[in-house]
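Report on the following structure.
Residue numbers (our numbering): 6 to 96.
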């Protein structure tokens with residue numbers, strides 16, 4: 006997890022290479038909290054029925070998200086990703 010100079014967050018997810026995880030919701034929980042919910046991507050609609058299994062490998066996927074309005078990025082703040090709290094300290 007990193008706060009970029011542009012004021013965005015870079016979040017790294019670990020998961021299946023064929024069903025990578027991406028943020029699906031990014032909200033301000035308060036002036037000092039960002040709440041991120043993620044989910045694995047689904048395979049295309051053209052996949053045969055029952056073929057939604059994801060590979061059992063581990064791959065990193067990085068997503069860049071905007072910090073929601075109302076969160077003061079000039080001060081340390083929390084980013085809660087799927088219930089796990091991460092502290093971000095500006096440089």
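Cβ coordinates follow ideal geometry from the N, Cα and C atoms, glycine included.
(message) Taking the alpha carbon of residue 46 as the reference point, which residue from 18, 32, 70, 37 has its own alpha carbon closest?
(response) Out of 18, 32, 70, 37, 18 has the C-alpha closest to the C-alpha of residue 46.
(message) If you reduce the DSSP assignment to three classes, tell me which class residue 16 lands in.
(response) Residue state, collapsed to three classes: strand.
(message) I'd like to know whether the C-beta atoms of residue 36 and residue 75 end up nearer to each other than 8 Å.
(response) The answer is yes: Cβ separation under 8 Å.
(message) Please tell me whether residue 94 and residue 84 are closer than 8 Å, where the distance is taken between their beta carbons.
(response) No, the Cβ-Cβ distance between residue 94 and residue 84 is not below 8 Å.
(message) Counting C-beta neighbours from all protein chains within 10 Å, is the total for residue 63 16 or more, i.e. buried, or is it exposed?
(response) With fewer than 16 other Cβ atoms within 10 Å, it is exposed.
(request) To the nearest angstrom, report how far apart residue 26 and residue 66 are at their CA atoms. (result) A direct Cα-to-Cα measurement between residue 26 and residue 66 gives close to 7 Å.
(request) Please list, in chain order, all residues of the same chain as residue 41 whose beta carbon is under 6 Å from its beta carbon, the five residues on each side excluded. (result) For residue 41, where only same-chain residues beyond five positions count, the Cβ hits under 6 Å are 28, 31, 86.
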